[in-house]
Structures are given as structure tokens and as C-alpha cells.
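Everything below concerns the one structure shown next.
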Amino acid sequence: MSTTDNNNSSSNNKMINIAIINDSPYFLSILEDIAKSNNFNVIGKFTNARNALSFIYNSNYVDVILLDLEMPDMDGISFIEQVLSKRFVPIIVTTNYDESWIAKISNIGAIDFVSMNNKPINELNNMIAQKIRIAYMMNSMIRSSCRKASSNSNNNRYAHYDGKIVIIGASTGAPRIVADILTSIPPDINSCIIVVQHMPKGFTDTYVSMLSSRANIKVKRAEDRDRIVNGIVLVAPADYHLIVDNNHVRLEQGPKYAHVRPSANVTMVTAANMYGPNVIGVLLSGMGFDGAFGMKVIKMNGGFTIAQDESTSVVFGMARTACMVNAVDLILPAGSIADAIIRAVKR
């Protein structure tokens, strides 16, 4: 194990600081070379997990972690769970395991996965560098929101909105649950509801039509610069991030976050930064971890968060990760979520 001088890392806040954990000196060297060739700052190299955990717990400078799944003193799954139980640091798994592990590591909170098996160095270089930059962008959004939340104890910095903004993050197994929730929402609710459902291109209109047929409230496909008003449901279109701005939404085809676009993280973080305690986050059934850190940011800005429980989830991934990072105020079965939203809007 070796670490660089932490004081150096704090003097240049534009450099991305990387910690590498791998018990193979060969792969440790390859990953360090990749990081340095892309002008990333390697502030820690570790061949065992426990030294790495101690360093990460006591350092405020780690921006992204590159992690192997097999180490002599702890498996990678346990390592991810222990890191995320204490703080959010984006973790990219870099291993010889194949892509069949993606679902498993995503469900416990790793932000990305790279199989290094039989890949040429130039391909690994480009792939890992791109994933590090995307992970850093997400981490920067969350850290920025944390700084804003801690620097202001009053609500004056938030945009005014006469109601609540409800952000529903949904993925595998959630379309029916979203429809059930909207069936119970009154049309005069003092809230704008935004649904971020993971879906392939070409399915948005069908999804909106299905929700409209069930809901008592107006449902529409979100369009760029749609106004945020009470009594309406805006559905993020496939392949676009929905960004919450002052009194309107914006659609952007930026990089995918957590492998997805639209990303609930993007919508939740931008909503929390704009409207603070007037934001309610809801995370439903789904694979991976999208929305978990957005829920954390909502809580940090004084908002309220609700997650679907494991027993009623088809896939307990996104909500599970949100629970792991202490981002959930209420964990409820699917059938209780609509009433909880209505109560939260009236708070």
C-alpha cells in the first residue's frame, strides 16, 4: 500500500483524485498508468481492503475508487457495502470477471463495471478514463449540493414554488406501480409530479398513454421548457435527462449516469438544488442504483424521501442502495406510497 501527500490533492481541486484497490501488482500498475496518462491523481494504492477502507474513511479527497472484486482480506461486495454505509464515493469495479457481474455489483451500489479480461490496453485506457470522468461529474453534483445545503440554514436561497415537486424514479417492475400511484393522486394536488422511468427509445408515448388511461391527474410527455405547475405529471422522455430549472424543465442528452438516460439522479439533484425542502423523492422497484444519491441530496436539502420496500419490489436494487446510504425517510409497500405522497405534499 502507498499513498501520496494529501495536501497536494487539496491544492488542485480540478484534478480527479483516484484510489486503486487491487491485490495484483500487475493490474495495480496498469490501472495506475491509465490514471496518470489521463492526468488523474492517484492518491492511494492498496493491495488489501482494510487499509483502503481506513484511508477512505479518513480522507476527504477521494473522488473515485477503482476496485477489484477479489482481495485477500475482504470480498469486493462487502467492501462496497462498507464504503457506502459511511459516505458516497463513486466506485468503479475493475476486474477480470465478465459482464454477468454487472447486475450484482450495480444492485449493491457500484457506479460502473469494467471487465479487464482479454482487453487491449488502449481499449481499457479509453473505457476507464471515460467512466472515471462520468463518475466524477456525478460526485461533483452531489458534493456541490452538500456544500450549498450546509452553508445556508434558511430557505432564502431556493426558488419559490407554491407547492411541492415530487420526483418518482422507476425502473424494472415499476410501470404498474407508477400507474397505481397516479390512480390515487387527486387532480387538484398541490404538486407537480415528475416521473423518471427507465425505458428504451420509442416507448415513451405508449407509457404516457397507459398512465393517462389510469390517472385522475393530467399526464404528459415532458417537453423542453415545460412549465412546472401543480396538478400535472411530466414524464421524462426516453434517452433524455430531465433537468429541473426555475419554474420549468429542460431536456438534455448529456452522458448517461448509472448506465441510464433519463437518470433519476439528474432530476432529483437539480430539483433539490433549485427547490430544496419543497422536493419529495420517491424511488420504486428497479435494478441498479440510479436515484439513490439523488434521494440523498433531496434529504440534505431538507426534502422528504420515500422508497418502495423489498417485499413488493420486482427488483430491490435502486431503493436498496438508497437505504444503504441513509437516504430514505419512509420505506413502504407499493400500495401505501400514494397516500404517503399525498400526506407529504400537505406537510
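In the numbering used here, the protein residues as written are 6 to 352.
Even glycine gets a Cβ: it sits at the ideal position worked out from N, Cα and C.
Would you kindly work out how many angstroms separate the C-alpha atoms of residue i and residue j, rounded to a whole number?
i	j	result
Val67	Val287	29 Å
Pro2	Pro30	Here the chain covers residues 6 to 352 and nothing more, so residue 2 does not appear.
Lys50	Pro205	39 Å
Leu187	Ser145	33 Å
Ile182	Asn43	44 Å
Val200	Met273	11 Å
Asn65	Ile222	45 Å
Pro338	Ala345	11 Å
Glu257	Ile303	21 Å
Asn12	His203	Note on Asn12: pLDDT 36, under 50, position unreliable in the model; no value is reported.
Asn123	Ile173	40 Å
Gly296	Ile116	12 Å
Cys197	Tyr280	12 Å
Phe32	Ile342	46 Å
Val234	Asn278	18 Å
Lys351	His264	35 Å
Asn270	Gly299	4 Å
Arg255	Glu128	34 Å
Arg232	Leu58	45 Å
Glu96	Ile70	Just to set this straight, residue 96 is Ile in the shown sequence, not Glu. So the two alpha carbons sit approximately 5 Å from each other.
Asp10	Val284	At Asp10, the pLDDT of 37 sits below 50, so the modelled position is not reliable and the matter cannot be decided from this model.
Asn252	Gly168	12 Å
Val249	Ile336	25 Å
Asn325	Thr177	Correcting the residue type first, residue 325 is Arg in the shown sequence and not Asn. Whole-angstrom Cα-Cα distance: 14 Å.
Helix, strand or coil: how does DSSP classify residue i here?
i	result
Tyr212	helix
Val333	coil
Val350	helix
Lys353	There is no way to answer for residue 353, as the model of the chain reaches only from 6 to 352.
Thr317	coil
Val284	strand
Val183	helix
Arg366	Outside the modelled stretch of the chain, which goes from 6 to 352, sits residue 366, for which no answer is possible.
Lys433	Here the chain has residues from 6 to 352 only, and residue 433 is not among them.
Ile233	coil
Ala243	coil
Ile170	strand
Ala220	coil
Gly340	helix
Ser353	Any answer about residue 353 is impossible in this case: the structure gives the chain only from 6 up to 352.
Ala312	strand
Ile248	strand
In terms of residues, what are the limits of the alpha helix (DSSP H) holding residue i?
i	result
Gly299	297–305
Gln353	The chain is shown from 6 up to 352; residue 353 falls before or after that span and cannot be answered.
Asn366	The requested residue 366 is not part of the displayed model; the chain covers only 6 to 352.
Thr275	269–280
Ala40	30–42
Short of 8 Å in beta carbon distance, which residues of its chain neighbour residue i, apart from the five on each side in sequence? Order them along the chain.
i	result
Asp28	Thr52, Asn53, Asp73, Glu75, Met76, Pro77
Ile347	Ser189, Ile190, Pro191, Ile194
Met215	Pro180, Ala184
Ala220	Ala184, Leu187, Thr188, Ile190, Val238
Asp210	Arg226
Asp229	Val254, Arg255, Leu256
Could you please give the first and the last residue of the uninterrupted beta strand (DSSP E) stretch that includes residue i?
i	result
Thr363	Shown here, the chain extends from 6 to 352; a query on residue 363 therefore has no answer.
Ile48	46–51
Ala24	22–26
Phe118	117–120
Arg399	Residue 399 is absent from the structure shown; the chain starts at 6 and stops at 352.
Gly178	No beta strand (DSSP E) holds Gly178; DSSP gives it neither H nor E.
Val69	69–72
Report all residues from its chain with a CB closer than 6 Å to the CB of residue i; omit the five preceding and five following residues, and keep chain order.
i	result
Arg55	Asp78
Val333	Thr310, Ala312, Ala327
Asn18	Summary for Asn18: the model assigns pLDDT 46, below 50, so the residue's position carries little reliability, and this model does not support an answer.
Ile110	Val98, Phe118
Glu315	Phe321
Leu89	Gly114, Met329, Val330
Phe60	Gly49
Phe84	Ala54
Arg138	none
Apart from the five residues just before and just after residue i, which ones in its own chain have a Cβ nearer than 7 Å to its Cβ?
i	result
Met41	Note on residue identity: the sequence assigns Lys, not Met, to residue 41. For Lys41, where only same-chain residues beyond five positions count, the Cβ hits under 7 Å are Val47.
Met132	Val119
Asn22	Ser14, Asn46, Ile48, Tyr66, Val67, Asp68
Arg92	none
Flag residue i as yes when its Cβ comes closer than 7 Å to any non-hydrogen atom of the ligand ADP, and as no otherwise.
i	result
Ala332	In the structure shown, the ligand ADP is absent, as is every other ligand, since no ligand is present at all.
At a Cβ threshold of 8 Å, is residue i touching chain B?
i	result
Val284	As a matter of chain content, chain B is missing from the structure shown, which is built from one protein chain.
Exercise. Is the stretch 307–327 close to the stretch 235–246, with three or more CB pairs under 8 Å?
Worked result: At 8 Å Cβ cutoff, the stretches do not touch.
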